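One structure is given here, and the rest of the page talks about it.
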Amino acid sequence: MSALLEVDAVRAGYGSVMIVHDVSLRLERGELVTIIGPNGAGKSTLLKAIFGLLPVSEGQVRLEGNEVTDEMPSRIVRLGVSFVPQTENVFPSLTIRENLAMGGYQRSGDVDDRIAEVLGLFPELAERPGARASHLSGGQRQALAIARALMLDPKVLLLDEPTAALSPVRRGEIFDRLQAVREGGVALLMVEQNAREALAISDRAYLLVDGRNAHEQAGPEMLANPEVGRMFLGLDSADGEDGA
Amino acid sequence: MTEILQLVLVGLVVGSIIGLGAMGLTLVYGVFKFANFAHADLMTLAMYLAFFVYVDIGLVGGHIGPFSFGWGMIAAVLFAWAGVAAVSVGADRFVFRRLRARQTGLLNLEIAALGIAIALQAVVQAIWGSAPLRYHHEIHEAWTFAGGLKLKSDQLLFIVLMPVLALGLYVLLHRTRLGTAMRATADNAPLAEASGIDTERVRMATWVIAAALTAVAGVMFALQSQLRFDAGFEFLLLPMFAAVILGGIGNPWGALVGGLIVGVSQEVSTEWINTGFKPAVPFVLLIAMLIVRPRGLFGSSIGGSS
Ligand SMILES: Nc1ncnc2c1ncn2[C@@H]1O[C@H](COP(=O)(O)OP(=O)(O)O)[C@@H](O)[C@H]1O
Ligand SMILES: [Mg+2]
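Quick mapping for you: the protein sequence lines, in order, are chains H and V. Per the working numbering, numbering through the first sequence is continuous, rising by one, with the last residue being 245. Per the working numbering, numbering through the second sequence is continuous, rising by one, with the last residue being 1319.
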């Protein structure tokens, strides 16, 4: 059986400027896979290209074996892939409930049931579903962004730095939620800068440098990889614990 | 005192018309993120499209209750709505959407809107001429109220109709799936698209809804004064922009209150300044607001303050 999501030798960028060169990765059902890499490596560009927000100039994106390269985001959503952008990932003037309803816009009929289900995963949102997104804290907003993306029961959730700009405690909460989402059967492909915490819960990880795959390893092994530690986890020595 | 109250009353009538027009303008701004300079001329078009049905085709005659116009006016307003909606959607298909797709800057959209405004005015002038027109020529007596205040039945209707239509818009924006999608698209169009909302359909719906407000406000204006091919540019554009900016760009309830403020201050100012300077009042309000509080009184989002 083919992988749930396969990215095969993809090149993508903005206009004629190619940012991502020859990147390949796969995501199996139920997996949590993290992409790490330095700033500007092309991680966000890669996610946008997978989701159809940027043109793919070479290579293929396949979902359950079917090619979805360069499909419109609205179609990719329908096929079961949701995307949580790094910023501007909620509707600020809409309430929590309305944000979720919009996430489930393509559902027919049972939107309220699904909202209740999704709120069950995010107690911090369930407390006040009538609150406007613009009034939420950073952590709550990020939770809402993830909850919105879950409204269509996606098979794959693409996440761009879901814990950027959050305090360690809030980061931990978001990672807990993401693990719960995975346990619910959703596969996650996540870009993260807080590599140590992300890798600890990841099945596998990819290191992206200058728009190319540099390494693929199991999450904890990537964490222990001295080269990765030195380059991207802010560690001076190879023992992986001091520094940063 | 009575004199001032009388001016306030007339100001509320004028302000209701400006406010309804401004609600449409600000709604379009909220979703499309450009100021539609053709909005006032769409209002002019609405007046004349209603004239076409009411007078040219000849549905004129009779009276609904105490009002100056008969049942034919309902058909005339509906026709004006359909016409303005068709022109707006057409302009979007052939002009605005192409500019959106090319991601050309705001300036290009504004210049295109200005071009459409000029074209609309020219078309109206070519078809119906430069002389002012009226739906009726008979004199319509005003009612006298306590304290000697005078108001025509039509004017009273306008003052009542404004909150009714505003409530209708509120229900649409906050209680329907389409309205929520409009607010979502206004908030963050790329995210709306990524959520699976058909944002192009939402945009078309926005033109159609704005056209309803435009048609009603345009016909109100013509009933209150007269039909003039240059009414949009001469009497409506600046006051509506002042109302929109006063209320917070993109915020329909702000635009409504802004419209009332503009209308009332325009009329009351004539107590002290020459009527000829009246059009300067919204301009002064607009400049003052931009200097003192550029986000407007109520903040700018379709959902209200945020
Ligand atoms: N909209 C854009 N237009 C042109 N270049 C861009 C755009 N967004 C990002 N880039 C460039 O693409 C490169 C990779 O960006 P990005 O994918 O955001 O990196 P990462 O997410 O790994 O930090 C950077 O050099 C950045 O300057
Ligand atoms: Mg990024």
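Backbone N, C-alpha and C fix where the C-beta goes; we use that ideal spot for every residue, glycine too. Quantities reported herein were computed from a predicted structural model and do not represent experimental measurements.
Out of the options, state which residue places its alpha-carbon closest to the alpha-carbon of residue i.
i, options, result
"V:Leu-1342", "V:Glu-1213, V:Thr-1219, V:Leu-1236", "Because chain V here runs from 1014 to 1319, residue 1342 of chain V falls outside it and cannot be looked at."
"V:Met-1217", "V:Gly-1192, V:Pro-1203, V:Val-1232", "V:Gly-1192"
"V:Ser-1238", "V:Gly-1289, V:Pro-1252, V:Lys-1163, V:Arg-1147", "V:Arg-1147"
"H:Val-1", "H:Val-229, H:Gly-131, H:Glu-198, H:Leu-200", "Here chain H comprises residues numbered 2 to 245, so residue 1 of chain H is not present and cannot be evaluated."
"H:Gly-1", "H:Pro-86, H:Arg-27, H:Arg-30", "Since the first and last residues shown for chain H are 2 and 245, residue 1 of chain H lies out of range."
"H:Ser-17", "H:Leu-55, H:Arg-172, H:Gly-38", "H:Leu-55"
"V:Val-1023", "V:Val-1066, V:Leu-1040, V:Phe-1234, V:Ala-1132", "V:Phe-1234"
"H:Pro-74", "H:Thr-96, H:Ile-51, H:Gly-60, H:Pro-93", "H:Ile-51"
"H:Gly-173", "H:Arg-12, H:Ala-199, H:Ala-148", "H:Ala-199"
"V:Ser-1314", "H:Ser-135, H:Asn-226, H:Val-187", "H:Ser-135"
"H:Ser-25", "H:Asp-9, H:Val-34, H:Ala-127, H:Glu-32", "H:Asp-9"
"V:Val-955", "V:Ile-1300, V:Leu-1186, V:His-1149", "Residue coverage of chain V in this structure runs from 1014 to 1319, which leaves residue 955 of chain V outside it and unanswerable."
"H:Leu-167", "H:Gly-185, H:Gln-143, H:Leu-179", "H:Gln-143"
"V:Phe-996", "V:Tyr-1061, V:Ala-1114, V:His-1076, V:Pro-1079", "For chain V, the structure presents residues 1014 to 1319; residue 996 of chain V sits outside this window and is missing."
"H:Ala-201", "H:Arg-27, H:Val-187, H:Phe-176", "H:Phe-176"
"H:Val-11", "H:Asp-23, H:Met-2, H:Ala-4", "H:Asp-23"
"H:Glu-125", "H:Val-112, H:Asp-114, H:Gly-139", "H:Gly-139"
"H:Leu-5", "H:Gly-186, H:Gly-14, H:Ala-196, H:Arg-213", "H:Gly-186"
"H:Ala-196", "H:Asp-113, H:Val-112, H:Asn-40", "H:Asn-40"
"V:Leu-1298", "V:Met-1195, V:Glu-1016, V:Tyr-1183, V:Gly-1276", "V:Gly-1276"
"V:Phe-1171", "V:Leu-1273, V:Ala-1301, V:Leu-1040", "V:Leu-1273"
"V:Val-1041", "V:Ile-1077, V:Pro-1307, V:Trp-1220, V:Ile-1300", "V:Trp-1220"
Is residue i near residue j, with beta carbons less than 7 angstroms apart?
i, j, result
"V:Gly-1130", "V:Phe-1242", "A small correction: the amino acid at residue 1130 of chain V is Ala; Gly does not occupy that position in the sequence shown. Not a contact, by the Cβ cut-off of 7 angstroms."
"H:Leu-153", "H:Val-91", "no"
"V:Ala-1202", "V:Thr-1189", "no"
"V:Val-1068", "V:Ala-1228", "no"
"V:Gly-1034", "V:Gly-1263", "no"
"V:Phe-1047", "V:Leu-1119", "yes"
"V:Leu-1269", "V:Gly-1037", "no"
"H:Ile-20", "H:Gly-38", "no"
"V:Leu-1249", "V:Phe-1296", "no"
"H:Ile-97", "H:Val-192", "no"
"V:His-1153", "V:Ser-1081", "yes"
"V:Leu-1133", "V:Leu-1240", "no"
"V:Ser-1166", "V:Pro-1079", "yes"
"V:Gly-1245", "V:Gly-1309", "no"
"H:Ala-148", "H:Val-119", "yes"
"H:Leu-159", "H:Phe-84", "yes"
"H:Val-82", "H:Val-157", "yes"
"H:Leu-247", "H:Asp-161", "For chain H, the structure presents residues 2 to 245; residue 247 of chain H sits outside this window and is missing."
Roughly how many whole angstroms lie between the Cα atoms of residue i and residue j?
i, j, result
"V:Pro-1292", "V:Trp-1285", "14 angstroms"
"V:Ala-1225", "V:Ala-1088", "13 angstroms"
"V:Ala-1063", "H:Val-57", "51 angstroms"
"H:Ala-150", "V:Phe-1109", "30 angstroms"
"H:Gln-141", "H:Glu-89", "14 angstroms"
"H:Gly-131", "H:Leu-137", "11 angstroms"
"H:Ala-102", "H:Leu-189", "22 angstroms"
"V:Val-1215", "V:Asn-1121", "22 angstroms"
"V:Leu-1018", "V:Ala-1199", "39 angstroms"
"V:Ala-1223", "V:Gly-1271", "17 angstroms"
"H:Ala-225", "H:Glu-29", "23 angstroms"
"V:Gly-1289", "V:Met-1056", "23 angstroms"
"V:Ala-1053", "V:Ala-1114", "25 angstroms"
"H:Thr-164", "V:Leu-1127", "45 angstroms"
"H:Ser-109", "V:Val-1136", "45 angstroms"
"V:Ala-1155", "V:Val-1021", "16 angstroms"
"V:Glu-1123", "V:Leu-1303", "19 angstroms"
For chain C, is any of its Cβ atoms less than 7 angstroms away from the one on residue i?
i, result
"H:Val-192", "No chain C is part of this structure, whose protein chains are labelled H and V."
Pairs of beta-carbons, one from the region 1203 to 1211 of chain V and one from the region 75 to 92 of chain H, closer than 8 angstroms: are there three or more?
yes
Quick one: which residues of the region 1200 to 1214 of chain V get their C-beta closer than 9 angstroms to a C-beta of chain H? List them in chain order.
Asp-1200, Asn-1201, Pro-1203, Leu-1204, Ala-1205, Glu-1206, Ala-1207, Ser-1208, Gly-1209, Ile-1210, Asp-1211, Thr-1212
Are the region 1017 to 1031 of chain V and the region 1264 to 1280 of chain V touching, with three or more C-beta to C-beta distances below 8 angstroms?
yes
If you measure beta-carbon to beta-carbon, which residues of the region 92 to 121 of chain H are closer than 7 angstroms to chain V?
Phe-92, Pro-93, Ser-94, Leu-95, Glu-99, Ala-102, Met-103, Gly-104, Tyr-106, Gln-107
Given 8 angstroms, three or more beta-carbon pairs between the region 196 to 205 of chain H and the region 215 to 232 of chain H:
yes
Using a Cβ-Cβ cutoff of 9 angstroms, what residues of the region 5 to 26 of chain H are near chain V? List them in chain order.
none
Note down, in chain order, all residues in the region 1186 to 1198 of chain V with a beta-carbon under 8 angstroms from any beta-carbon belonging to chain H.
Arg-1190, Thr-1193, Ala-1194, Arg-1196, Ala-1197
Between the region 1173 to 1181 of chain V and the region 63 to 77 of chain H, are three or more C-beta pairs nearer than 8 angstroms?
no
I'd like to know if the region 1256 to 1274 of chain V and the region 1152 to 1167 of chain V are in contact, where contact means that at least 3 CB-CB pairs between them fall below 8 angstroms.
no
Residues of the region 1294 to 1316 of chain V with a CB closer than 8 angstroms to any CB of chain H: list them in chain order, please.
Ser-1314, Ile-1315, Gly-1316
Identify each residue in the region 55 to 74 of chain H for which the Cβ-Cβ distance to at least one residue of chain V is less than 8 angstroms, and report them in chain order.
Pro-74
To be precise: take each residue of the region 165 to 182 of chain H, compare its Cβ to all Cβ atoms of chain V, and keep it if any distance is under 8 angstroms. Which residues remain?
none
Note down, in chain order, all residues in the region 187 to 213 of chain H with a beta-carbon under 8 angstroms from any beta-carbon belonging to chain V.
none
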